[in-house]
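This report refers to the structure that appears directly beneath it.
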Amino acid sequence: MSIRIENLTHIYNKGLSYETVALDGVSLTIEDKEFVGIIGHTGSGKSTLIQHINGILKPENGRIFINDTDITEKGIKLSDIRKRVGLVFQYPEYQLFEDTVEKDIAFGPSNMGLSPEEVDERVRESMELVGLAYDEFAGRSPFELSGGQKRRVAIAGVIAMRPEVLIMDEPTAGLDPKAHKDIIEMLVKLHKMTECNILLVSHNMEDVAEIVDKIIVMHSGKIFSQGSPAEIYKERDRLLDIGLEVPQAMLFMKKLEDRGISVGKDVMTMDEAVEEIEKLLRKGS
Amino acid sequence: MESIIRIQDVTFEYKRTGSETSAILALDGISLDIEKGSFTAIIGVNGSGKSTLAKNMNGLMLPTGGKVYVNGMDTADESGIWDVRQTIGMVFQNPDNQMVSAVVEDDIAFGPENLGVDPEEIRRRVDMSLQAVGMYDFRKKAPHMLSGGQKQRIAIAGVVAMLPECIVFDEPTAMLDPQGRREVLDIVEKLNKESGKTIVLITHFMDEVANADRIVVMDGGKIVMDGKPQEIFVRSDELKKLGLDVPFAAELACRLRQRGIDIPENIILMDELADHIKEHC
Chain P
1 MSIRIENLTH IYNKGLSYET VALDGVSLTI EDKEFVGIIG HTGSGKSTLI
51 QHINGILKPE NGRIFINDTD ITEKGIKLSD IRKRVGLVFQ YPEYQLFEDT
101 VEKDIAFGPS NMGLSPEEVD ERVRESMELV GLAYDEFAGR SPFELSGGQK
151 RRVAIAGVIA MRPEVLIMDE PTAGLDPKAH KDIIEMLVKL HKMTECNILL
201 VSHNMEDVAE IVDKIIVMHS GKIFSQGSPA EIYKERDRLL DIGLEVPQAM
251 LFMKKLEDRG ISVGKDVMTM DEAVEEIEKL LRKGS
Chain S
1 MESIIRIQDV TFEYKRTGSE TSAILALDGI SLDIEKGSFT AIIGVNGSGK
51 STLAKNMNGL MLPTGGKVYV NGMDTADESG IWDVRQTIGM VFQNPDNQMV
101 SAVVEDDIAF GPENLGVDPE EIRRRVDMSL QAVGMYDFRK KAPHMLSGGQ
151 KQRIAIAGVV AMLPECIVFD EPTAMLDPQG RREVLDIVEK LNKESGKTIV
201 LITHFMDEVA NADRIVVMDG GKIVMDGKPQ EIFVRSDELK KLGLDVPFAA
251 ELACRLRQRG IDIPENIILM DELADHIKEH C
């Protein structure tokens, strides 16, 4: 599914003394099946942006097209949009409420009026996609699972609606390094298998760099830059200027440059850093 | 050195109600002394027992077996529990769950008020605590209008106002963005270095613990490593097997060593490694 956003502006608390322009004339295009990372500080407008894409927030100004349907128009049935655009909020495990994993995941598809057989099929399919074995987890209480497992149950609940666009707001926040890696790998697998659009919101560029097709950097309610990961990396110094966390290898190269050592600018990963520094040190000795 | 917290052979079981499966052993024979004035970091994957251990440090939870002493007071002795909790303050993961008031300075005053501190002294403590976390200018603001990092600093100030000797931080930065993390971590280090508070920091972020005096690694309810950051992070293969990360510079140094390049084992920070490379290239 393609998404086109034109000149989107959103203002919180309009007319009050603490009114905030959260989005300021944002335009962007996301192609069918694209895997997109949205990066920025807290308050940069990331979450506000994605909440417009399934109609939770209404813009002050601007238009949002989902496959050429303008969802900001009057008379649009938002429930149809929300079936097609699934949104996984931050800390989605706080929204778990049923007494078994199976029932929790079945809640969305059941409300869509699907038959019990179809619901069952969806539950099994989405558990498989998030890497939770049906036989082991379906009957368990979601509340006795680990943090990473709970989160996967919550994500499965959205996947079970079979959205064409899946938006994830900080899906790895608060997880330990292992659970963090598991979720990232799950997203890659999910994208491969379902071919849905994935929009991954994160403050951590390290996470998105290696897996997405495109990165959108938000800053102060505007798009600061967008492009392929390689294109975004060329802007290292600009990104550091706005205090964005860049991949560690990049940051380390900057530290070497600051010490007057000349290094390759395109070093982004640990592997590349090892190569580069080995070269440097061998040359020296 | 004198220890402020003494944990002796502690076990802790979570009972599962209405379940046929047996209790879960979250702590399995932990012994640990926390020295006065020290900065100890505790790392481990989810479920390794870190938070359970933290809550046993000030009597929020009592051990199923073994003993915890705070300044010599047994945490299981009810008569001393308020002294224990005043000695050991705690800061948790989610700042929103730690706010009780609609105005920042009222929130800070809540703790000392409950201790029966007199009003002038409360005023003094509120100001001192807000200054300690760099939030004095926000004293009249509403907490919900602040950023996550700022809210967490308010939560810390609320604990500082109780004048604890030791503060236990249970993943204080887990819900914060990079900037908020830095703000909070700076405060944690300052409380240790400048105010002499004993710090216990539980975290998943390895770059936050590189400056600690000591790192304790937990797995399956047991302590599996305990030492200075330099001693812990050279064991990067073992840490990875436990599902943990290593700070970038320590990992890079380790990979270079594997290629036969001589890098001193005590290097774990980016600046140290960058300086070393500069000297040798």
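These protein sequences, in sequence, are chains P and S. Going by our numbering, the first residue of the first sequence is number 1, and it counts up by one from there. Going by our numbering, the first residue of the second sequence is number 1, and it counts up by one from there. Backbone N, C-alpha and C fix where the C-beta goes; we use that ideal spot for every residue, glycine too.
Residues that residue i bridges to, as DSSP identifies them
{"i": "P/Val88", "result": "P/Met168"}
{"i": "P/Lys222", "result": "P/His219"}
{"i": "P/Ile3", "result": "P/Ile30, P/Ile66"}
{"i": "S/Arg6", "result": "S/Asp33, S/Tyr69"}
{"i": "S/Cys166", "result": "S/Ile88, S/Thr198"}
{"i": "P/His10", "result": "P/Leu23"}
{"i": "S/Arg214", "result": "S/Thr40"}
{"i": "S/Leu27", "result": "S/Phe12"}
{"i": "P/Gly227", "result": "P/Ile215"}
{"i": "S/Asp127", "result": "Answer by DSSP bridge pairing: none, since S/Asp127 is not bridged."}
{"i": "S/Lys222", "result": "S/Asp219"}
{"i": "P/Ile198", "result": "P/Phe35, P/Leu166"}
{"i": "P/Asp135", "result": "Looking at the DSSP assignment, P/Asp135 forms no beta bridge with any residue, so it has no partner."}
{"i": "S/Asp74", "result": "S/Tyr69"}
{"i": "S/Gly227", "result": "S/Ile215"}
Contacting residues, own chain, Cβ-Cβ under 6 angstroms from residue i (five flanking each side not counted)
{"i": "P/Ala156", "result": "Ile105, Ser126, Met127, Val130"}
{"i": "P/Leu78", "result": "Gly55"}
{"i": "P/Ser44", "result": "Met218, His219"}
{"i": "S/Val283", "result": "Lying before the first or after the last residue shown, residue 283 of chain S is absent from chain S, which here runs from 1 to 281."}
{"i": "P/Val158", "result": "Gly86, Val88"}
{"i": "P/Ala22", "result": "His10, Tyr12, Gly45, Thr48, Gly221"}
Close Cβ partners of residue i (< 7 angstroms) along its chain, the five nearest in sequence each way excluded
{"i": "S/Gln179", "result": "Gly149"}
{"i": "P/Phe252", "result": "Ala273"}
{"i": "S/Gly59", "result": "Thr75, Ile81, Val84, Arg85"}
{"i": "S/Asn266", "result": "Gln230"}
{"i": "S/Asn192", "result": "Phe39, Ile199"}
Residues that residue i contacts on chain P, provided the C-beta gap is smaller than 9 angstroms
{"i": "S/Asn46", "result": "Ser146, Gly147, Gly148, Leu175, Asp176, Lys178, Ala179"}
{"i": "S/Met282", "result": "Residue 282 of chain S lies beyond the residue range present for chain S, which begins at 1 and ends at 281; the question has no answer from this structure."}
{"i": "S/Ala274", "result": "Phe252, Lys255, Leu256, Asp258, Arg259, Ile261"}
Close Cβ partners of residue i (< 8 angstroms) along its chain, the five nearest in sequence each way excluded
{"i": "S/Glu105", "result": "Val126, Leu130, Arg139, Lys140"}
{"i": "S/Asn56", "result": "Ile7, Val10, Phe12, Leu27, Leu62, Pro63, Val68, Thr75"}
{"i": "P/Gln51", "result": "Leu57, Leu87"}
{"i": "S/Glu165", "result": "Ile4, Lys36, Asn71, Thr87, Ile88, Lys197, Thr198"}
Partner residues on chain S for residue i, Cβ-Cβ distance less than 8 angstroms
{"i": "P/Gln95", "result": "Under the 8 angstroms cutoff, chain S gives no residues; its nearest Cβ is about 15 angstroms from P/Gln95."}
{"i": "P/Tyr18", "result": "Met145"}
Proximal chain S residues relative to residue i, where beta-carbon distance stays under 7 angstroms
{"i": "P/Tyr12", "result": "None at all; the shortest Cβ gap to chain S is about 11 angstroms."}
{"i": "P/Glu185", "result": "Here the premise fails: no neighbours, minimum Cβ distance about 14 angstroms."}
{"i": "P/Glu245", "result": "Pro178"}
{"i": "P/Lys283", "result": "Cys281"}
Contact set between residue i and chain P, taken where Cβ atoms lie within less than 8 angstroms
{"i": "S/Gln93", "result": "Gly174"}
{"i": "S/Ala174", "result": "Ala173, Gly174"}
Chain-ordered neighbours of residue i on chain P, where CB pairs are closer than 7 angstroms
{"i": "S/Lys278", "result": "Arg259, Ile261"}
{"i": "S/His204", "result": "Asp176, Pro177"}
{"i": "S/Ala102", "result": "In chain order: nothing, as chain P lies at least about 15 angstroms away."}
Any non-hydrogen atom of the ligand NAD closer than 7 angstroms to residue i Cβ
{"i": "S/Val168", "result": "The model depicted lacks the ligand NAD and carries no ligand whatsoever."}
Q | Every unbroken alpha helix (DSSP H) inside the segment 28-83 of chain P [4 residues or more] | A | 46-53
Q. The segment 256-280 of chain P: which residues have C-beta closer than 9 angstroms to a C-beta of chain S, in chain order?
A. Leu256, Asp258, Arg259, Gly260, Ile261, Met270, Asp271, Ala273, Val274, Ile277, Glu278, Leu280
Q: Report the residues of the segment 29-60 of chain S with a CB closer than 7 angstroms to any CB of chain P, ordered along the chain.
A: Val45, Asn46, Gly47
Q. Residues in the segment 213-240 of chain P with C-beta within 7 angstroms of chain S's C-beta atoms, listed in sequence order?
A. none
**Q.** the segment 199-213 of chain P: positions lying closer than 7 angstroms to chain S by Cβ
**A.** His203
Q. Listed in chain order, which residues of the segment 21-54 of chain P have Cβ atoms closer than 8 angstroms to some Cβ of chain S?
A. His41, Thr42, Gly43
(Q) Which residues of the segment 234-268 of chain S have a Cβ closer than 8 angstroms to any Cβ of chain P? Give them in chain order. (A) Gly243, Leu244, Asp245, Phe248, Ala249, Glu251, Leu252, Arg255, Leu256, Arg259, Ile261
Q) Listed from N- to C-terminal order along the chain, which residues in the segment 145-159 of chain S have their beta-carbon within a distance smaller than 9 angstroms of any beta-carbon of chain P? A) Met145, Ser147, Gly148, Gly149
Q. Taking a cut of 7 angstroms between CB atoms, which residues from the segment 208-225 of chain S lie near chain P?
A. none
Q: Would you list, in sequence order, the uninterrupted alpha helix (DSSP H) runs of no fewer than 4 residues that lie entirely inside the segment 243-271 of chain P?
A: 248-258
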